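Engineer: Sharing a structure, written as structure tokens. Questions coming.
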Amino acid sequence: AQKVTQAQTEISVVEKEDVTLDCVYETRDTTYYLFWYKQPPSGELVFLIRRNSFDEQNEISGRYSWNFQKSTSSFNFTITASQVVDSAVYFCALSTETSYDKVIFGPGTSLSVIP
Amino acid sequence: EAGVTQFPSHSVIEKGQTVTLRCDPISGHDNLYWYRRVMGKEIKFLLHFVKESKQDESGMPNNRFLAERTGGTYSTLKVQPAELEDSGVYFCASSLGGHTEAFFGQGTRLTVV
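Chains as they are written, first to last, in this note's numbering: chain A, 1 to 115; chain B, 1 to 113.
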């Protein structure tokens, strides 16, 4: 069975603080993709990153960074020097070779950045 | 190249009415998916088309929901009759298939009053 867990339901940080959003996934497939999406208050889904199971290199994009560790089945997301505009719900997601690209979402973490 | 587009972006209807949501996938994408996020909960899969055929409709909540994809191009999702608990954001996604990335539309925010 495939599953994504985001243990943090809500997080509040003060602007300029760093924050890490946790994601743990479950799958028996050896080929899979992991994603992070952002859903701001306006409602749309904003794609942030896609990672395949064979690439464990960490990635940095501006203030965003991702730590993929297959040994712990985790794909954590860190925002450095958070800003008010980062306030949103963040979803970690998984798609596997056997799921025909169907994306399985975690429950989401609601991040509030306080000025 | 145009992305996945959804119409309307917002819809407010009364309980008991009918609403039809439309999704235009990226041209050439055989795979089309519907998802929804209701009441601030998680995003749930509804169904998956491969061309005009329903590959997986295990996530459809009940028979008030009807999805079609005639001709294998755009898709519609009809809710009839709408209930209060159907309020949420409905997302459509499309992919080429063969374990490629799925691209999401901007969503349709449905409010049932």
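Positions of the beta carbon are idealized from the N, C-alpha and C atoms, including for glycine.
Remember, it's a predicted structure, so these values are computed and weren't measured experimentally.
Using a Cβ-Cβ cut-off of less than 9 Å, list which residues of the segment 88-103 of chain B approach chain A; keep chain order.
Structural biologist: Correct list: V89, F91, A93, S95, L96, G97, G98, H99, T100, E101, A102, F103.
Engineer: With DSSP collapsed to three states, give me the class of L21 (chain B).
Structural biologist: Here the question's residue 21 (chain B) lines up with position 21 in the second sequence. Strand, per DSSP.
Engineer: Could you give the uninterrupted runs of the beta strand (DSSP E) lying entirely in the segment 12-66 of chain B, keeping only those of 3 residues or more?
Structural biologist: Entirely contained in the segment 12-66 of chain B, the beta strand (DSSP E) runs reaching 3 residues are, in chain order, 19-24, 31-38, 43-50, 53-56.
Engineer: Using alpha carbons as the reference points, say which of A:V19, A:Y25, A:V13, A:T20 lies closest to F105 (chain A).
Structural biologist: Locating residue 105 (chain A) in the first sequence gives position 105, counting from the first residue. Measuring from the Cα of F105 (chain A), the nearest candidate turns out to be A:Y25.
Engineer: Report the neighbours of R109 (chain B) on chain A: residues whose CB is nearer than 8 Å to its CB, in chain order.
Structural biologist: Counting from 1 along the second sequence, the entry for residue 109 (chain B) is found at position 109. The contacting residues are G43.
Engineer: S95 (chain A) by DSSP, collapsed to three states: which one?
Structural biologist: Taking the first sequence and counting its residues from 1, the one referred to as residue 95 (chain A) is at position 95. The answer is strand: DSSP assigns S95 (chain A) an E or B state.
Engineer: Does any residue of chain B have a CB that is nearer than 7 Å to the CB of K171 (chain A)?
Structural biologist: In this structure chain A extends from 1 to 115, so residue 171 (chain A) is not present and cannot be described.
Engineer: Starting from N67 (chain A), trace the beta strand (DSSP E) both ways and give me its first and last residue.
Structural biologist: As a position in the first sequence, residue 67 (chain A) is number 67, starting the count at 1. Run containing N67 (chain A): 64-69, per the beta strand (DSSP E) assignment.
Engineer: Return the residues of the segment 23-55 of chain B that lie within a Cβ-Cβ distance of less than 7 Å from chain A, sorted by chain order.
Structural biologist: Listed by position along the chain: N31, Y33, E42, I43, F45, H48, Q55.
Engineer: How is E26 (chain A) classed by DSSP in three states: helix, strand or coil?
Structural biologist: Residue 26 (chain A) sits at position 26 when you count from the first residue of the first sequence. Here E26 (chain A) sits in strand by DSSP.
Engineer: Around the C-beta of V132 (chain B), are 16 or more other C-beta atoms found within 10 angstroms, so that it is buried, or is it exposed?
Structural biologist: Any property of residue 132 (chain B) remains undetermined from this structure, which presents chain B solely from 1 to 113.
Engineer: Since T109 (chain A) and Y90 (chain A) should fall inside the 8 Å C-beta cutoff, what is the C-beta to C-beta distance between them, to a whole number of angstroms?
Structural biologist: Translated into the one-based positions of the first sequence, residue 109 (chain A) becomes position 109. Translated into the one-based positions of the first sequence, residue 90 (chain A) becomes position 90. Yes, they are in contact, since the Cβ atoms of T109 (chain A) and Y90 (chain A) sit about 5 Å apart, within 8 Å.
Engineer: Just verifying my parser: in three-state terms, what is the DSSP assignment at T100 (chain B)?
Structural biologist: Walking along the second sequence from the start, residue 100 (chain B) turns up at place 100. Reduced to three states, the DSSP call for T100 (chain B) is coil.
Engineer: Return the chain-ordered list of same chain residues with a C-beta closer than 8 Å to the C-beta of T72 (chain A), the five sequence neighbours on each side being excluded.
Structural biologist: Locating residue 72 (chain A) in the first sequence gives position 72, where the first residue counts as 1. V24, listed in sequence order.
Engineer: How big is the Cα-Cα spacing for Q80 (chain B) and P61 (chain B)?
Structural biologist: Here the question's residue 80 (chain B) lines up with position 80 in the second sequence. Here the question's residue 61 (chain B) lines up with position 61 in the second sequence. Approximately 12 Å between the Cα atoms of the pair.
Engineer: Exposed or buried, which one is R28 (chain A) when buried takes at least 16 other CB atoms within 10 Å?
Structural biologist: Translated into positions along the first sequence, residue 28 (chain A) becomes position 28. Exposed, since its Cβ has fewer than 16 Cβ neighbours within 10 Å.
Engineer: How big is the Cα-Cα spacing for I11 (chain A) and K38 (chain A)?
Structural biologist: What you label residue 11 (chain A) is simply residue 11 of the first sequence in a count that begins at 1. What you label residue 38 (chain A) is simply residue 38 of the first sequence in a count that begins at 1. Distance between the alpha carbons of I11 (chain A) and K38 (chain A): 14 Å.
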